[in-house]
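The sequence shown begins at 21 in my numbering and counts up one residue at a time.
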Amino acid sequence: SSSGQKGRPDSKRPLTGIRPIRRLAMGPILRPRAVLFAGLCVALCIGLAAAQRPAMWKQEQAWKDGKGTPLAVTPNIMTGILIGAFWLVLFMTGFCCLFQVQTPQSYEEKCLVLNKQY
């Protein structure tokens, strides 16, 4: 039997028009993506940890021992080049945008109308 409400069967809780809060569950489509994203995050963390190398490369060790040629670009120099290139691109973007602003060659001359001034 129904309680007189449209299409709702009898239940112990009153019908107030407020939906009950449901737990948010990942659908079957999102679950593999979440696992893939978590795996990529773990791989990134492992890569970042491996990038902080405590030992020198063979070429660096050979140069330190006086047997090889030094690195053409050290990590510090590469960092400076990358940051400099970033700032150069940022500056050039701002420079080009600034000089693309167009203003009219002349302004219309309108006299300021001042009525009674006491």
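Cβ coordinates follow ideal geometry from the N, Cα and C atoms, glycine included.
Can you name, in chain order, every residue of its own chain whose Cβ lies under 7 Å from the Cβ of residue 89, other than the five neighbours on each side? If we look at residue 89 and ignore the five residues flanking it on each side, its Cβ neighbours are 83.
Along the alpha helix (DSSP H) that carries residue 99, what are the first and last residues, could you check? Element bounds for residue 99: 95-119.
Where does the unbroken alpha helix (DSSP H) through residue 80 begin, and where does it stop? Boundaries of the alpha helix (DSSP H) around residue 80: 78-84.
Using the C-alpha atoms, what's the distance from residue 121 back to residue 5? Nothing can be reported for residue 5, as the shown portion of the chain is limited to 21 through 138.
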